[in-house]
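**Q** In the numbering used here, the protein residues as written are 1432 to 1729. Handing you a structure now.
The following block contains the structure:
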């Protein structure tokens, strides 16, 4: 049976059936195609590309144009997964009209929904997006766009009041129309309560095993991007090391002259080779080149 295109509605149905939701990030055609062939439910074109693809220290530096560029690339490689575009810093919290316009750009680029960071304070934005027929994924807990407010990538919701706020934020996002909510870097007990309290899926990243689904940055879980290793990260492969080995082997063979060998080279037609070699041996190549140039531009 062919894997059917995932939708926001189907994700909610998976929660209702008790089925775990698998999500991951992708930022280009090649990775997106591999991920989609693996039948992942949801692909997030995350603003984490600011760090893992563009080399910035935080997610704050990536622009809308860069996010759209990568979203278009991902969309070309995906047939099955739900594609969500991550609204970058300054693209939605300053002005509601800008939020709707920028979210619309994601949809035109091939995304089928957008993700926004924040709780009760961003409800007017979520409402405006939903009224514009744009599917919205929420994101609470550690919200990387507020990293300087938090004072670093610190676990959130560790006090009674903070835990209560997270539960209420999730309820409000659900009521505003979010089809799913990312819970990042919060105690698993709080994540469990939130998951029980809302009818839409919770997608955890550093929020323990009781969320309805999980998400990781693909470059993190493959060991490609190693600048950041939080407690919740598990390496499901060491692709980074394999890439380094492959590049090293390529460098070694080129330097030793063993690659390419004739097995990896194209053959000239044998019947014509003698004619070319005879011409090469007798021709004044400089003069021939000048005549070819004059003929081309004459």
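Where is the CB? At the ideal position from N, CA and C, for every residue including glycine. Being a predicted model, the structure only gives us computed values, none of them experimental.
1) Residue 1476 by DSSP, collapsed to three states: which one?
2) Residue 1523 and residue 1571: beta carbons closer than 9 Å?
3) Nearest to residue 1410 by CA position, among 1692, 1637 and 1632, is which residue?
4) Counting only runs that start and end within the stretch 1438 to 1526, where is the beta strand (DSSP E) found for 3 or more residues in a row?
5) What is the rounded straight-line gap between the Cα of residue 1539 and the Cα of residue 1464?
6) Am I right that residue 1544 and residue 1576 are in contact with their C-beta atoms under 8 Å? What's the rounded C-beta distance?
7) For residue 1545, list the residues DSSP reports as bridge partners.
8) Going by DSSP in three states, residue 1531 sits in which element: helix, strand or coil?
9) Using 8 Å for Cβ pairs, my map puts residue 1454 next to residue 1475. What's the rounded Cβ distance?
10) Where do the N-terminal and C-terminal ends of the alpha helix (DSSP H) with residue 1613 fall, by residue?
11) Where does residue 1702 fall in DSSP's three states?
12) Does residue 1674 pass the burial test, meaning 16 or more other C-beta atoms within 10 Å, or should it be called exposed?
13) Does the beta-carbon distance from residue 1665 to residue 1647 come in below 9 Å?
14) Run through DSSP, which three-state label would residue 1649 get?
15) Which term fits residue 1633, buried or exposed, when burial requires 16 or more other beta carbons within 10 angstroms of its beta carbon?
16) According to DSSP, simplified to helix, strand and coil, what is residue 1633?
17) Decide if residue 1483 is buried, meaning its Cβ has at least 16 other Cβ atoms within 10 Å, or exposed.
18) Please classify residue 1536 as buried or exposed, where buried requires at least 16 neighbouring CB atoms within 10 angstroms.
**A** Taking the geometry as given:
1) As a working mapping, residue 1476 is identified with position 45 in the chain shown. Note: residue 1476 maps to strand in three-state DSSP.
2) By one-based count along the chain shown, residue 1523 stands at place 92. By one-based count along the chain shown, residue 1571 stands at place 140. It is not a contact, given that the beta carbons lie outside the stated cut-off.
3) What the structure shows of the chain is the stretch from 1432 to 1729, and residue 1410 is not part of that stretch, so it cannot be assessed.
4) 1452 to 1456, 1473 to 1476 and 1513 to 1517
5) Mapped onto the chain shown, residue 1539 falls at position 108. Mapped onto the chain shown, residue 1464 falls at position 33. Approximately 20 Å between the Cα atoms of the pair.
6) Here the question's residue 1544 lines up with position 113 in the chain shown. Here the question's residue 1576 lines up with position 145 in the chain shown. No, residue 1544 and residue 1576 are not in contact; Cβ-Cβ is about 18 Å, not under 8 Å.
7) Residue mapping note: residue 1545 aligns to position 114 of the chain shown, counting from 1. Looking at the DSSP assignment, residue 1545 forms a beta bridge with 1516 and 1567.
8) As a position in the chain shown, residue 1531 is number 100, starting the count at 1. In this structure, residue 1531 counts as helix in the three-state DSSP scheme.
9) Here residue 1454 is taken as the residue at index 23 of the chain shown, counted from 1. Here residue 1475 is taken as the residue at index 44 of the chain shown, counted from 1. The pair is a contact, with the Cβ atoms about 6 Å apart (cut-off 8 Å).
10) Here residue 1613 is taken as the residue at index 182 of the chain shown, counted from 1. Careful: residue 1613 lies outside any alpha helix (DSSP H), inside the beta strand (DSSP E) at 1611 to 1615.
11) Stepping through the chain shown from its first residue, residue 1702 is reached at position 271. Reduced to three states, the DSSP call for residue 1702 is helix.
12) As a working note, residue 1674 is residue 243 in the chain shown. Classification for residue 1674: exposed.
13) The count along the chain shown starts at 1 and reaches residue 1665 at position 234. The count along the chain shown starts at 1 and reaches residue 1647 at position 216. In contact: residue 1665 and residue 1647 (Cβ atoms closer than 9 Å).
14) Here residue 1649 refers to the residue found at position 218 of the chain shown. Three-state result, residue 1649: helix.
15) Locating residue 1633 in the chain shown gives position 202, where the first residue counts as 1. Answer is buried; the Cβ neighbour count reaches 16.
16) Residue 1633 sits at position 202 when you count from the first residue of the chain shown. Residue 1633: strand per DSSP, three-state reduction.
17) On the chain shown, position 52 is the one that residue 1483 refers to. Answer is buried; the Cβ neighbour count reaches 16.
18) Counting from one through the chain shown, the residue named residue 1536 turns up at place 105. Buried, because 16 or more other Cβ atoms sit within 10 Å of the Cβ of residue 1536.
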